[in-house]
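First the structure, in the form of structure tokens, and then the observations on it.
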């Protein structure tokens with residue numbers, strides 16, 4: 121559980137700086153959610169996640185499970201009519217959690233056979249995305 | 004220039020605190036009295052007010068003044084006010100000048116000392132200018148009191164009818180064989196659900212029959228020259244291969260023609276013959292031959308139309324015909340198109356047969372359309388049980404398509420959903436929206452009617468549309484519950500963005516500006532919606548921006564009014580502050596001709612070919628001063644902006 | 003023989019060595035030498051979009067600099083490497099990233115002007131070799147084989163950075179298979195994500211994504227699927243054991259089929275490591 125110590129203004133600036141996105145650009149059309157391949161399992165879904173951030177509910181989003189399900193496929197950013205890239209926002213949110221030394225995946229959690237079998241690019245990506 | 008010194012009065016305005024809050028007006032008055040040769044210097048709280056203007060007039064009369072300097076706000080605001088005031092008491096208005104001590108002084112600094120110094124200086128320069136101002140008379144130009152309306156849609160028709168009713172001749176130009184435009188393609192119109200052609204055709208017929216209206220359809224503009232009140236327009240009447248004086252529109256030829264091609268009026272959902280009438284209620288009620296597909300014109304075969312025409316109207320030796328029109332005003336009512344199929348790839352637009360745009364669906368709904376009013380889908384003609392309507396397809400999308408809102412889609416989508424359910428009672432209509440914009444009279448109530456009658460509105464923008472078997476799958480979202488939504492539809496209707504019909508090339512031909520999307524630019528977005536900055540060109544309908552039929556008609560009448568105002572007098576007044584030519588100094592080097600942006604200068608040969616000088620076409624000169632700056636010998640002087648005047652102003656400005 | 007700098011990437015260098023070998027063999031046959039960079043480091047496997055993440059952004063750039071010792075074009079086989087290298091290069095030299103660029107330059111040993119062009123092997127086949135030329139070198143015509151060309155997300159998006167093909171309807175791989183005599187089939191999920199990146203933390207989600215893609219392919223009557231990313235191939239192939247429906251669709255890497263068509267030995271192509279064994283299909287089509 122990530123406890124936030126910064127002010128709302130600071131967190132917002134952090135998120136916008138790390139992601140390079142302007143949260144207020146989003147007009148909540150939902151096209152990102154509509155095209156997201158993993159949104160069926162995400163909570164909150166991309167459009168709701170941005171909405172919660174717009175409303176200042178940073179703790180709720182940073183502690184959610186949805187942000188860890190982003191497969192970095194770029195459909196959201198590609199199709200967004202306002203040019204908001206949720207993939208980048210999710211990356212920034214995960215980075216904030218990880219930089220607070222809260223890891224999402226540990227090596228012990230991963231199936232040994234899977235490690236031997238699967239292409240290592242999956243792990244390399246996972247280590248950057250999911251571990252501190 | 005006059006040799007006697009003018010008695011000049013200076014009137015310094017406080018403009019409440021707008022000027023006086025920063026500029027020390029009493030101090031300015033004192034300085035001017037002490038250091039200039041102005042005959043009178045007084046101040047007033049609000050010079051532009053009635054008492055203010057009366058003060059100016061009375062002072063001029065009492066002090067027997069020859070000229071006036073009003074130190075106040077920008078001349079764009081009140082130059083005309085004060086010039087009219089002095090003219091009313093017999094002073095030439097061009098001997099009254101404005102010294103702008105607000106926008107160029109009190110409004111750009113907080114430093115009171117600097118502001119007072121600068122205000123004094125500005126006024127001093129204008130006093131110098133007025134000293135050598137000449138009394139000028141506006142130039143009278145004749146006005147051809149005949150209008151040209153480009154575009155025969157509902158807006159163009161309305162403009163033509165209004166101008167014609169006011170008693171002036173109008174030419175209504177249209178590039179298709181018939182007038183009517185997009186409105187003639189619609190099924191019913193919102194919010195009344197009037198049959199579109201039923202309310203339009205009376206106007207179309209009225210336009211045809213009105214003695215002051217000349218219809219020129221199947222025609223295009225090749226070139227335009229001239230200026231406001233005096234345009235020369237070359238119009239090309241395209242070759243029809245049918246003599247419209249003989250043709251009666253009986254349609255026998257259409258019945259006999261053996262070849263069928265895709266019908267553009269029905270958006271490719273049905274076929275028409277090569278010799279065809281655009282639609283049954285076409286005005287004029289005549290046929291044309293589609294040369295590219297005609298068996299005789301391409302291969303030398305057939306000629307059945309000619310064989311069966313009872314009026315011998317087929318004319319194989321027909322050619323394009325060019326006519327030159329002389330008109331005084333041109334109204335651009337060129338309308339809109341819908342977004343190109345090449346965009347919106349993720350919606351399968353242009354690829355999937357059962358993904359159609361709004362106009363195509365109108366033809367499907369239309370009682371005179373390809374399916375005679377039965378709602379059937381393009382791929383197999385089956386009646387769709389579930390129709391998904393996608394709003395904002397290409398609108399409000401700055402990244403991938405058009406950034407603007409196309410205004411009419413929310414309303415016509417609600418209309419199409421209502422009409423679909425009227426025809427297919429058990430059918431399901433689902434609308435994906437981001438917002439529902441219902442700004443007109445009766446519009447919000449109309450939207451409620453759509454939901455009352457069973458249409459489901461889901462708030463979310465569609466991401467992907469694809470085919471699976473004979474169904475069309477729509478991937479959208481409901482942002483309110485945060486759920487992805489997948490719908491298996493039979494037919495998808497995209498409310499695609501409106502884009503302007505007029506091309507960049509056409510705008511360049513007319514020398515009228517367009518905005519970044521191609522909509523014609525109005526003179527002022529709030530206060531002058533039907534005029535352009537190009538004199539003599541007016542705007543009506545969707546050519547200026549997305550709008551619905553009521554707005555198009557209102558704007559059309561507005562544009563007509565502007566034209567009628569222009570025609571109200573036989574002559575037009577042109578600003579006299581124009582450049583001239585001192586023929587003694589002019590060597591005919593023609594540098595000024597190159598720099599003139601208005602083509603207002605030309606070479607003339609005098610004295611039996613011995614002397615070459617430049618001549619000014621006064622009505623074209625807009626007094627920009629470019630020639631004056633460019634002339635190497637000072638032969639191009641602008642009235643009331645003579646080099647001597649500028650030098651005096653600079654001298655006193657640098658004191 | 004034309005020489006192009008080649009970046010294999012971690013997976014193709016080790017676990018999927020056969021794909022690397024057969025790719026290089028096919029290039030040889032087509033008149034191009036894919037010369038591996040003398041030294042290279044991991045690209046990072048996923049492009050880091052975090053604006054201050056310099057370490058993860060410097061690593062790919064080093065490979066681009068190294069490439070210039072051989073050629074100004076750097077060829078990759080793996081869609082993930084392609085995505086990372088191309089995006090890193092572009093980000094460095096965007097006008098608005100002036101300060102970022104200067105900072106990055108501090109960490110690089112050599113000066114770099116951003117002029118290495120990252121290309122995917124498919125682009126080499128289309129532009130440098132040409133599909134007509136490819137057609138003439140076919141030894142085993144793949145006729146009768148219906149292939150669903152699955153591009154995945156990383157090659158196509160973001161389309162303004164990748165500039166690879168039409169993101170909604172890519173055809174490059176399909177055209178290549180046509181040149182080899184195979185029949186490419188159309189399906190709507192060519193660019194849909196397989197969920198590969200969440201295989202580690204949420205394998206059931208990845209399985210569902212892969213299943214969605216297979217469901218859209220099975221209706222087309224395709225015999226097999228061709229991919230351009232080792233992770234996609236693994237995911238869509240392997241996870242079929244966890245799927246609720248049996249598809250029995252073999253998943254190839256595009257160079258395997260390319261190698262097959264150009265007459266490369268079956269042993270190099272290595273059809274042993276698949277979960278869904280492709281050999282019965284290939285035998286049935288008379289290709290092995």
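Protein chains in written order, with the working numbering: chain A, 121 to 252; chain B, 4 to 658; chain C, 3 to 290.
Cβ coordinates follow ideal geometry from the N, Cα and C atoms, glycine included.
Just so you know, these numbers come straight off a predicted model, no measurement behind them.
Interface flag, residue i vs chain B, CB-CB below 9 Å
i, result
"residue 156 of chain A", "yes"
"residue 147 of chain A", "yes"
"residue 195 of chain A", "yes"
"residue 214 of chain A", "no"
"residue 191 of chain C", "yes"
Beta-carbon contacts of residue i that lie in its chain and below 7 Å, excluding the five residues immediately before and after
i, result
"residue 514 of chain B", "537"
"residue 573 of chain B", "145 and 146"
"residue 380 of chain B", "357, 387, 493 and 494"
Residue i, buried or exposed, once every other Cβ within 10 Å from all chains shown has been counted against 16
i, result
"residue 78 of chain C", "buried"
"residue 647 of chain B", "exposed"
"residue 130 of chain B", "buried"
"residue 340 of chain C", "Outside the modelled stretch of chain C, which goes from 3 to 290, sits residue 340 of chain C, for which no answer is possible."
"residue 198 of chain A", "buried"
"residue 683 of chain B", "Only positions 4 to 658 of chain B appear in this structure, which leaves residue 683 of chain B out of reach."
"residue 28 of chain C", "buried"
"residue 156 of chain A", "buried"
Residue i (DSSP reduced to helix, strand or coil)
i, result
"residue 129 of chain A", "helix"
"residue 381 of chain B", "coil"
"residue 603 of chain B", "coil"
"residue 211 of chain C", "helix"
"residue 492 of chain B", "strand"
"residue 255 of chain B", "helix"
"residue 462 of chain B", "strand"
"residue 4 of chain B", "With a pLDDT of 46 at residue 4 of chain B, under the threshold of 50, the modelled position of that residue is not reliable, and the figure given next carries that caveat. Here residue 4 of chain B sits in coil by DSSP."
"residue 222 of chain B", "strand"
"residue 233 of chain A", "helix"
"residue 306 of chain B", "coil"
"residue 619 of chain B", "strand"
"residue 186 of chain C", "strand"
"residue 81 of chain B", "helix"
Any chain C beta carbon closer than 9 Å to residue i
i, result
"residue 348 of chain B", "yes"
"residue 167 of chain A", "no"
"residue 138 of chain A", "yes"
"residue 469 of chain B", "yes"
9 Å Cβ cutoff, residue i in contact with chain A
i, result
"residue 360 of chain B", "no"
"residue 482 of chain B", "yes"
"residue 492 of chain B", "no"
"residue 343 of chain B", "no"
"residue 395 of chain B", "yes"
"residue 208 of chain C", "yes"
Cα-Cα separation between residue i and residue j, rounded to whole angstroms
i, j, result
"residue 409 of chain B", "residue 416 of chain B", "12 Å"
"residue 219 of chain C", "residue 276 of chain C", "19 Å"
"residue 592 of chain B", "residue 614 of chain B", "12 Å"
"residue 47 of chain C", "residue 173 of chain C", "25 Å"
"residue 117 of chain B", "residue 516 of chain B", "41 Å"
"residue 250 of chain B", "residue 478 of chain B", "52 Å"
"residue 223 of chain C", "residue 183 of chain C", "17 Å"
"residue 645 of chain B", "residue 543 of chain B", "41 Å"
"residue 250 of chain C", "residue 440 of chain B", "50 Å"
Contacts around residue i, its chain only, beta-carbon distance under 6 Å, and the 5 residues preceding and following it disregarded
i, result
"residue 625 of chain B", "601"
"residue 499 of chain B", "341, 342, 360, 396 and 397"
"residue 213 of chain C", "245"
Sequence-distant residues of its chain with Cβ nearer than 8 Å to residue i (five each side left out)
i, result
"residue 191 of chain B", "197, 198, 199, 368, 418 and 422"
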